[in-house]
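Shown next, in C-alpha cells, is the structure this report addresses.
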Amino acid sequence: MRIEIVDYEHPDAKRLIDELQQIYVDRYGDEDITPVDPAQFEPPSGLFLLGYIDGRAVASGGWRKQDSEELGFRPGDVELKRMYIVPDMQGRGLARRMLAELERTAAEAGGKRMVLETGTRQPEAIALYESSGYSEIQKFGVYRDDPLSRCFGKEI
Numbered sequence: 001m002r003i004e005i006v007d008y009e010h011p012d013a014k015r016l017i018d019e020l021q022q023i024y025v026d027r028y029g030d031e032d033i034t035p036v037d038p039a040q041f042e043p044p045s046g047l048f049l050l051g052y053i054d055g056r057a058v059a060s061g062g063w064r065k066q067d068s069e070e071l072g073f074r075p076g077d078v079e080l081k082r083m084y085i086v087p088d089m090q091g092r093g094l095a096r097r098m099l100a101e102l103e104r105t106a107a108e109a110g111g112k113r114m115v116l117e118t119g120t121r122q123p124e125a126i127a128l129y130e131s132s133g134y135s136e137i138q139k140f141g142v143y144r145d146d147p148l149s150r151c152f153g154k155e156i
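Following UniProt numbering, the numbering of the sequence shown begins with 1 at its first residue and continues without gaps.
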C-alpha cells in the first residue's frame, strides 16, 4: 500500500469518509456527529492520509492536535479520526500499517499521546486498537456520556 498525504476534502478522502459514515448509520442509526473542520487536518496541526493499492484509495485516517482543555484531553494529545479500510481489503494488515503511519507522523509533529473514540458496535476497531497497545482512557468529546462509546489512548 502506498500512503499519501492529502487534503481532508480530496475526492478520494470524501468517498471513503462517506462510506465510513454509512457504516455508522448502519451500526448506530446516525452518522458520527463529532465536529470536524477540514482545516484541523492541515499541517502542522493535523494530517490526513490515504492508502492506495493499484491506484485505488483503500484506506484512510487522519489526526488533529487537541490543544483543548476539554475534559479527557491533556497537553500533547492528538486525536485519531476517520480511520477506515474498504471492506474488500480488510484482513490484510492495512489498518495496522495506516495506524503506524498516523502514529509516526503525529509523534514527529510533537504529539505525545494518540487518543480516539470508537463504539461498542465496532468490535474489529476495538480489537485493532487494543492489540496495537491502546488502553481505555477517560471518555471525551460529544459521546463522553454515551454508553456505546469507548475512548482509547496510547503514548506515541
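C-beta: ideal position from N, C-alpha, C; glycine also.
Quick caveat, the model's predicted, so the values are computed rather than measured.
#### Entry: Option in M89, R64, T34 with minimal Cα separation from A57
Mapped onto the sequence shown, residue 57 falls at position 57. Among M89, R64, T34, the Cα nearest to that of A57 is on M89.
### Query
Can you name, in chain order, every residue of its own chain whose Cβ lies under 6 Å from the Cβ of D77, other than the five neighbours on each side?
Reading the sequence shown from its first residue, position 77 is the one you call residue 77. Closer than 6 Å at the Cβ level, and outside the excluded window around D77, lie Q66, R113, V115.
#### Entry: DSSP-derived helix/strand/coil call for F140
Taking the sequence shown and counting its residues from 1, the one referred to as residue 140 is at position 140. Coil.
### Query
Hey, out of A106, L80, S68, I5, whose CA is closest to C151's CA?
Numbered from its first residue, the sequence shown carries residue 151 at position 151. C151 has its Cα closest to that of L80, out of A106, L80, S68, I5.
### Query
Using DSSP with H/G/I as helix, E/B as strand and the rest coil, what is I126?
Stepping through the sequence shown from its first residue, residue 126 is reached at position 126. Three-state result, I126: helix.
### Query
With DSSP run on the structure shown, which of helix, strand or coil describes F41?
The residue you call residue 41 lines up with position 41 of the sequence shown. Three-state DSSP puts F41 in a helix.
### Task
Count the other C-beta atoms from every protein chain shown that fall within 10 angstroms of the C-beta of D32, then say buried if there are 16 or more, exposed otherwise.
Within the sequence shown, numbered from 1, the residue matching residue 32 stands at position 32. So D32 counts as buried.
### Query
What residue from R74, S45, L49 has the CA that sits closest to L99's CA?
Translated into positions along the sequence shown, residue 99 becomes position 99. When each option's Cα is compared against that of L99, the closest is L49.
### Task
Report the rounded CA-to-CA distance for P38 versus E124, giving the unit in angstroms.
In the sequence shown, residue 38 corresponds to position 38, counting from 1. In the sequence shown, residue 124 corresponds to position 124, counting from 1. About 26 Å.
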